[in-house]
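By the UniProt record's numbering, the letter at position 377 of the sequence shown is numbered 377, and the numbering carries on one by one without gaps. Below is one structure, written out as structure tokens; the observations come after it.
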Amino acid sequence: MTGKAYVTGVGMVPFQKPGKSESYDVMATAATRSALADAGLDYEKIQQAYVGYVYGDSTCGQRALYNVGMTGIPVVNVNNNCSTGSSALFLARQAVESGAVECALALGFEQMQPGAIGAMFHDRVSPFAAFDEETDDLVGSSEIPLALRYFGGAGKAHMDEFGTPLETFAKIRAKASRHAAKNPVALFRQEVTAEDVMAAQVVWPGVMTKLMACPPTCGAAAAIICSKEFADKHGLDSSVRIAAQAMTTDGPETFEAHDMREVVGFSMAKRAADQVYEAAGIGPEDVDVVELHDCFAHNELITYEALGLCGRGEAAKFVDDGDNTYGGKYVTNPSGGLLSKGHPLGATGLAQCTELVQQLRGQADARQVDGARLALQHNLGLGGACVTTLYEKA
């Protein structure tokens, strides 16, 4: 290792509903140029690029970056489901920390279609076959879209074991809307109350209303990662470094525990967080601000426990006590999260990165978490991969 990697530039475009956005290449180009401008760096200085997207043909990454420049650098296309953007960041960080390059770009984008996401190839075995089979066994309700059954089922398991009320998930969604109201790049900026969330269309009786699920979204985000030496040489910002990062995949418990929380990656996320805490020599109590993967309010709740922000079974009290927002123990998803900011799959991890870098720089305006020095990111994709990243104010 040559030393820590620094995030010297971040950028993103405002997220949009499907059909309302620019083409993926236009969004990706804009996000890249935004990150370059933020860093004060020419594209010719980028030595490698890792580009993430889920719904697109091969080499979409090159198509997007050729609009910025055709410099002949390696461009690696990345697809890791909903953790695609942070997987690109993981690879860029590894390249810099290993000394393979001094400066790398991580870019993520998605141009999504309306409605629930699903398989694109129906003539071959699905990577979700085992997940779907376990979900059918544990949840049933085949008339409900699978994504809702995955995460709603995980929330229901928490409700069944700990008596967590449905209103707790509504409070999480309402909190997301309050945060997003202060974020100019969020998709949904209208505040809603927990009562509004409870009164929304029921998509799973007793388990979920429509407002508890994130919307399909289009968007792009980017980050420029470099060494301290490169930053100093070129006069770049080196105020935020990646203190620790881990990527984990599924273990045997995903299917052997017969628990929907494990199917959606509880232990996978816990392992990633534990590895980060150990590598950084800190505990969860030291973290100031968190961007976590709230594709459903239910996943935000179980992730509180997976990341160690509260104990097992304590998430409802954690929410009721306001420890997930300003004035509490941790500010979670100050951006509005996936629930309100939106969830363009390939861009999500890098949008989380953008928010946390801005927080540690003190550039988050009305969303600013006072005195933030340590920021934790959690980005999860079923099938599966979880990337957890700790950013530190240098």
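Beta carbons are placed, not taken as given, at the ideal position from N, Cα and C, and that holds for glycine.
Apart from sequence neighbours up to five positions away, the residues of its chain that approach GLN47 with a beta-carbon distance below 7 Å are ILE73, VAL101, GLU102, CYS103 and ALA104, ordered along the chain. Excluding five sequence positions before and after ASP323, the CB atoms of its chain that fall closer than 6 Å to its own CB belong to LYS329, given in chain order.
At the C-beta level, LEU360 and VAL240 come within 8 Å of one another. Burial check for ALA199: the Cβ neighbour count within 10 Å stays below 16, so the residue is exposed.
Boundaries of the alpha helix (DSSP H) around HIS234: 228–234.
According to the DSSP assignment, TYR55 belongs to no beta strand (DSSP E), since it is labelled neither H nor E. The beta carbon of ASP250 lies closer than 6 Å to those of MET268 and GLY384 in the same chain, with the five residues before and after it left out. Pairing PRO215 with HIS343, the inter-Cα distance amounts to about 7 Å.
The three-state reading of DSSP puts ARG271 in helix, counting H, G and I together. With a cutoff of 8 Å on beta-carbon distance, LYS20 and ALA180 are scored as not near each other. HIS378: member of the beta strand (DSSP E) spanning 374–381, first to last residue.
By the neighbour-count criterion, in which a residue is buried when 16 or more other Cβ atoms sit within 10 angstroms of its Cβ, ALA220 is buried. Around the CB of PHE230, 16 or more other CB atoms lie within 10 Å, so the residue is classed as buried. Contact check for GLN377 and LEU356: beta-carbon distance about 6 Å, within the 8 Å limit, so the pair qualifies. Under DSSP, GLY283 shares a beta bridge with no residue. Counting of Cβ neighbours within 10 angstroms places HIS258 among the exposed residues, the total staying below 16. Exclusion of the five residues before and after GLN358 leaves ALA364 as the residues of its chain whose Cβ lies within less than 6 Å of its Cβ. Between the stretch 39–55 and the stretch 131–140 there are fewer than three C-beta pairs closer than 8 Å, too few to call the two in contact. Taking C-alpha positions only, LEU41 is separated from PHE266 by approximately 39 Å. For THR193, there is no enclosing beta strand (DSSP E), as DSSP marks it with neither H nor E.
Out of ILE172, THR254, ASP123 and ALA130, the CA that lies nearest to the CA of CYS295 is found in ILE172. Spanning the alpha carbons of PHE162 and ASP321 requires a straight line of approximately 17 Å.
Collapsing the DSSP output to three states places LYS182 in coil.
Here the C-alpha atom of LYS270 lies approximately 11 Å from the C-alpha atom of PRO284. Cβ atoms of THR332 and LEU292 come within 8 Å of each other, at about 6 Å. When only Cα atoms are considered, ASP237 and GLY152 end up about 42 Å apart. In this structure, DSSP gives LEU292 a state outside helix and strand, which the three-state scheme calls coil. Only residues of its own chain outside the window of five on either side were considered, and among them TYR53 have a CB closer than 6 Å to the CB of CYS60, listed in chain order. The closest CA to that of GLN201, considering only GLU195, ALA194, THR193 and LYS210, is found on LYS210. With the rule of 3 Cβ pairs closer than 8 Å, the stretch 32–39 does not count as touching the stretch 82–97. Closest in alpha carbon position to GLN245, among PRO252, ARG261 and GLN275, is GLN275.
Of the other Cβ atoms in all chains shown, fewer than 16 fall within 10 Å of the Cβ of GLY235; this residue is therefore exposed.
The residue among LEU301, LEU350 and ALA316 with its C-alpha nearest the C-alpha of TYR391 is LEU350.
For GLN94, the three-state secondary structure derived from DSSP is helix.
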